[in-house]
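Trainee: Protein chains in written order, with the working numbering: chain U, 44 to 714; chain E, 110 to 355.
All C-beta atoms, glycine included, are put in the ideal place defined by N, C-alpha and C.
(1) Determine the chain U residues that contact residue 165 of chain E at a beta-carbon separation under 8 Å, and present them in chain order.
(2) Report the three-state DSSP secondary structure of residue 44 of chain U (helix, strand or coil).
(3) Going by C-alpha distance, which of E:286, E:303, E:299 is nearest residue 341 of chain E?
(4) Counting Cβ pairs, one atom from each stretch, are 3 or more of them under 8 Å apart for the stretch 127-134 of chain U and the stretch 149-169 of chain U?
(5) Just to confirm before moving on: does the CB-CB distance between residue 385 of chain U and residue 309 of chain U stay below 8 Å?
(6) Establish whether the CB of residue 94 of chain U and some CB of chain E are separated by less than 8 Å.
(7) Give me the Cα-Cα distance between residue 44 of chain U and residue 694 of chain U, rounded to the nearest whole angstrom.
(8) Among residues of its own chain, excluding the 5 on either side of residue 351 of chain U, which ones have a beta-carbon nearer than 6 Å to its beta-carbon?
(9) On a CA-only basis, which of U:476, U:458, U:158 is nearest residue 654 of chain U? Give me that one, please.
(10) What does DSSP give as the partner residue(s) for residue 262 of chain U in the beta ladder?
(11) Using CA coordinates, which residue listed in U:555, U:493, U:590 is at the minimum distance from residue 263 of chain U?
(12) Quick one: what's got a C-beta closer than 7 Å to residue 402 of chain U's C-beta in the same chain, skipping five residues either side?
(13) Where DSSP assigns a beta bridge to residue 308 of chain U, which residues make up the other side?
(14) Within 8 Å (strictly less), CB to CB, does residue 340 of chain U reach chain E?
(15) Using the Cβ count rule (16 or more neighbours within 10 Å means buried), how would you classify residue 136 of chain U?
(16) Using DSSP with H/G/I as helix, E/B as strand and the rest coil, what is residue 293 of chain E?
(17) Output the distance between the C-alpha atoms of residue 327 of chain E and residue 109 of chain U, rounded to the nearest integer angstrom.
(18) Please state if the CB of residue 578 of chain U and the CB of residue 478 of chain U are separated by a distance shorter than 8 Å.
(19) Exposed or buried, which one is residue 240 of chain U when buried takes at least 16 other CB atoms within 10 Å?
(20) So with CB distances below 7 Å, who are the chain U contacts of residue 242 of chain E?
(21) Near residue 649 of chain U, what residues of its chain come up, given a Cβ to Cβ distance below 8 Å and the 5 sequence neighbours on each side ignored?
(22) Based on DSSP bridge pairs, tell me the residues matched to residue 322 of chain E.
(23) Can you pull the chain C residues whose beta carbon is under 8 Å from the beta carbon of residue 219 of chain U, in chain order?
(24) At a CB distance below 9 Å, what residues from the stretch 280-313 of chain E approach chain U? Give them in sequence order.
(25) May I ask you to report which of helix, strand or coil DSSP gives residue 624 of chain U?
(26) To the nearest whole angstrom, what separates the beta carbons of residue 408 of chain U and residue 338 of chain U, a pair I think is in contact under 8 Å?
(27) Whole alpha helix (DSSP H) runs in the stretch 443-467 of chain U with 4 or more residues, listed along the chain?
(28) How about residue 126 of chain E: is its C-beta nearer than 8 Å to some C-beta of chain U?
(29) Helix, strand or coil for residue 217 of chain E per DSSP?
(30) So, are the CB atoms of residue 662 of chain U and residue 646 of chain U less than 8 Å apart?
(31) Using a C-beta cutoff of 8 Å, does residue 503 of chain U count as contacting chain E?
(32) Can you pull the chain U residues whose beta carbon is under 8 Å from the beta carbon of residue 121 of chain E, in chain order?
(33) Identify each residue in the stretch 182-209 of chain U for which the Cβ-Cβ distance to at least one residue of chain E is less than 7 Å, and report them in chain order.
(34) Anything in the stretch 315-333 of chain U with a Cβ closer than 9 Å to a Cβ of chain E? List those residues in chain order, please.
(35) Would you say residue 212 of chain U lies against chain E (beta-carbon separation less than 8 Å)?
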């Protein structure tokens, strides 16, 4: 095991970024024209980085697998984006945003990176408003904020329930301006299938044109991986169907360390799965927990009656219900952090209290909220003798104004009216905090290869707070990478264009070609989804919300077996030189089958519970926190960074020790 | 449910296509339309046939990638949804469902149900942006108040997901609803004023170059738009264009 150099600059936390920026090497405008940069992915991180680098004068080649850069999955983010603007005058500051993020991440993120994130958060809002992003405003015409994820201030900026869409369209518009000027060459419907290294430096990629099937060589002086997270490892997740780990994984196989793969966020409020045919899960914004109360029946016979359709949830009286979050966590109740809420739902369902036919659903009930708002409104309107129906109607209007679009979405999917009967929800995989290891410059352990946004690991530790993913993607792309990459590229001004007719490119192209040929020629009988669903089941059951040594060891063995089966029995119809959606899927699932094993191995190695990673062996045995997650700061205050050595089972662990100089490590208590 | 699917199959952009019939059984009302298509594809693969290629990604109605023309309607019979949000409970047992790609000369078929909507990107590149560099030194976001009503209207226009249903459903294959949504968003905001004239002229010009038809106010686009983008935007764009050319 070696120690990793995070290259965090010295000096006081508050001055690190400014001082560092003042001293790093710059590339003069004339030289920028001679430098090419490849960006993989056009979500918030990749889109904002491409636009900014092109504005600065670099030649950017951007790649996405979708038919337009505007469709990257950042588009689906609902709730909002945090920024320490303190517009509400509630005492917010860069330090508070930094503190909340480190604490929320259960003290497993890098202090200096998180502080920089908080520091540039305000610039993001200014930039987006200047681009014409229509954030919500109040009647005075100033920007509105909402509170999010249990923090004590209102720092979340939003655009209805479509904040991700609006921010991405902002970045897309900035890209369009540069595409029109010829500074960004946009490659839609292209997928990166390998990274090319020359003399130890990232110098290009092999990409497959998804329309013609041709393999293309693209060279550059630096490569930026902005390909998002790997939540689709679980098969069912809130990610888009095409979201994948391939770009990051290929980079890992060429020398980039993969950090904290087991840190995954399972979001508590998603619409439960309804059957085996299900292809993805839909998130319902965390904001619903502000007014919804979560419960299951207190008695198993009522669960049975509900599943058989003999009783409805509304038939159960208050004392027949178990509001388990309010019972277990009286201080925070329904507003405990995401990881805690998810585990508690699983605990009740595992005990047999799940309320739908799959046994994996709990109720999210708005009855109390409707009544509370109704009474409040009756008072405001001076209706002293309002009937129960009148109170319900008044209350419903308020709930509709707050969450109407979410209720409508729920009704379209489930075909039940959530105003009349409680919603059913269950946790689902949503975000991955782990990713490619990067230093303070956002460079991976491959020289000249950078990772930004969800694809890297650095800012969210073991659990991400709500409305922080959009902030990080744009911080990396607009305000961090464009500066730090210049420091590296300043040494490349004399290099000239990188030729692609070299051995390095040829070897990479041949190896990609071999893999694709192998996939279309296995002669098996089973569709790719068969393997992906099996992998998802193993991961969900054994490396999901709750993990133990036996299960993790079983998972590793089962994934190895499944991987062997895949390469023997998968069937990919069609050829390599045409549109072939199954071939695309097969390549992605092949990589998930490797990552899955490393994921379980990382979870096995980390014998503590922290954030989204819950080890059943590491719980508080007695005292007021009995049964809760137990972090082990003495032995595990480090980042696990894995080096590829041929097989996931041979991966070598490197540790980056985490130092907390500006924040005191504490146990998170929500009792 | 047992259904009969009649699906447009076309090998690639150059080959002719045709409707092919596929029976499918045991479909549940809770399935989404695309999950039904997944089942069909897995059956085809197991039989050694080529699956039906279709575009899709987020499967929650926001990315704008899915694009089928179902029983003569863009995104099928339900309202205010994309194909991925359409559920099988909208159909009856024994029904025959016709599934075609979005039809418009400016959206050439790539394969089966996939079309090329690159024209939309090129229209945006012609002016769908505000020219502001990323610096960290733009003015404070609150230094320029915007009336809530304007901001809300801009947001309504900005909700467009660029799916192309408006074009597919229009008898003229007009892209006016799409283009006007972007023009409106910026026309309603103070930040968009500086380049307003050039923007509308260049975007409309590009729209014509791409071969989209004209608007004859049938309103079909507004009905089929999964995000409910209003025809008012087209009126606003026309006004902007007249102002710009005056």
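Mentor: By the coordinates alone:
(1) Here residue 165 of chain E refers to the residue found at position 56 when the second chain is read from its first residue. Per Cβ cutoff of 8 Å: 284.
(2) Walking along the first chain from the start, residue 44 of chain U turns up at place 1. Note that residue 44 of chain U scores 48 on pLDDT, short of 50, meaning its location in the model is unreliable and no value can be drawn from it.
(3) Within the second chain, the letter at position 232 stands for residue 341 of chain E. The candidate whose alpha carbon is nearest that of residue 341 of chain E is E:286.
(4) yes
(5) Here residue 385 of chain U refers to the residue found at position 342 of the first chain. Here residue 309 of chain U refers to the residue found at position 266 of the first chain. It is a contact, given that the beta carbons lie within the stated cut-off.
(6) Locating residue 94 of chain U in the first chain gives position 51, where the first residue counts as 1. Output row for residue 94 of chain U: interface = yes.
(7) To locate residue 44 of chain U, count along the first chain from 1; it is residue 1. To locate residue 694 of chain U, count along the first chain from 1; it is residue 651. Annotation note: pLDDT 48 at residue 44 of chain U (below 50); position unreliable, no value reported.
(8) If you number the first chain from 1, residue 351 of chain U lands on position 308. The answer is none, since no qualifying residue turns up.
(9) Working through the first chain from its first residue, we reach residue 654 of chain U at position 611. Answer by Cα proximity: U:476.
(10) Taking the first chain and counting its residues from 1, the one referred to as residue 262 of chain U is at position 219. DSSP lists U:247 as partners of residue 262 of chain U.
(11) In the first chain, residue 263 of chain U corresponds to position 220, counting from 1. Among U:555, U:493, U:590, the Cα nearest to that of residue 263 of chain U is on U:493.
(12) Counting from one through the first chain, the residue named residue 402 of chain U turns up at place 359. Cβ neighbours of residue 402 of chain U beyond the five flanking positions: 392.
(13) Numbered from 1 along the first chain, position 265 holds the residue referred to as residue 308 of chain U. For residue 308 of chain U, which the question treats as bridged, DSSP gives the partners U:474.
(14) Position 297 of the first chain, counting from 1, holds the residue named residue 340 of chain U. Judged by the 8 Å Cβ criterion, residue 340 of chain U is not in contact with chain E.
(15) For the purposes of this step, residue 136 of chain U is taken as residue 93 along the first chain, with counting starting at 1. Exposed: under 16 other Cβ atoms inside 10 Å.
(16) Translated into the one-based positions of the second chain, residue 293 of chain E becomes position 184. Correct three-state label for residue 293 of chain E: helix.
(17) Reading the second chain from its first residue, position 218 is the one you call residue 327 of chain E. Reading the first chain from its first residue, position 66 is the one you call residue 109 of chain U. Their backbone Cα atoms lie some 32 Å apart in a straight line.
(18) Position 435 of the first chain, counted from the first residue, corresponds to residue 478 of chain U. Position 535 of the first chain, counted from the first residue, corresponds to residue 578 of chain U. It is not a contact, given that the beta carbons lie outside the stated cut-off.
(19) To locate residue 240 of chain U, count along the first chain from 1; it is residue 197. Label assigned to residue 240 of chain U: buried.
(20) Within the second chain, the letter at position 133 stands for residue 242 of chain E. Per Cβ cutoff of 7 Å: 98.
(21) Your numbering for residue 649 of chain U matches position 606 in the first chain. Closer than 8 Å at the Cβ level, and outside the excluded window around residue 649 of chain U, lie 305, 656, 658, 679, 683.
(22) Position 213 of the second chain, counted from the start, is the residue given in the question as residue 322 of chain E. Answer is E:283, bridged to residue 322 of chain E.
(23) Annotation note: the requested chain C is absent from the structure, which comprises protein chains U and E.
(24) 291, 294, 295, 297, 298, 300, 301
(25) Taking the first chain and counting its residues from 1, one reaches residue 624 of chain U at position 581. Residue 624 of chain U: helix per DSSP, three-state reduction.
(26) If you number the first chain from 1, residue 408 of chain U lands on position 365. If you number the first chain from 1, residue 338 of chain U lands on position 295. Correct: roughly 6 Å between the Cβ atoms.
(27) none
(28) By 1-based counting over the second chain, the position of residue 126 of chain E is 17. No, because no Cβ of chain U sits closer than 8 Å to the Cβ of residue 126 of chain E.
(29) In the second chain, counting from the first residue as 1, residue 217 of chain E sits at position 108. In this structure, residue 217 of chain E counts as coil in the three-state DSSP scheme.
(30) As a working note, residue 662 of chain U is residue 619 in the first chain. As a working note, residue 646 of chain U is residue 603 in the first chain. No, the pair does not count as a contact, with Cβ atoms beyond the cut-off.
(31) As a working mapping, residue 503 of chain U is identified with position 460 in the first chain. No, because no Cβ of chain E sits closer than 8 Å to the Cβ of residue 503 of chain U.
(32) Sequence index remark: in the second chain, residue 121 of chain E carries index 12 (1-based). Per Cβ cutoff of 8 Å: 621, 622.
(33) 182, 183, 184, 185, 186, 202, 203, 205, 208, 209
(34) 317, 318, 320, 321, 322, 323, 325, 326
(35) For this step, residue 212 of chain U is matched to residue 169 along the first chain. It does; some Cβ of chain E falls within 8 Å.
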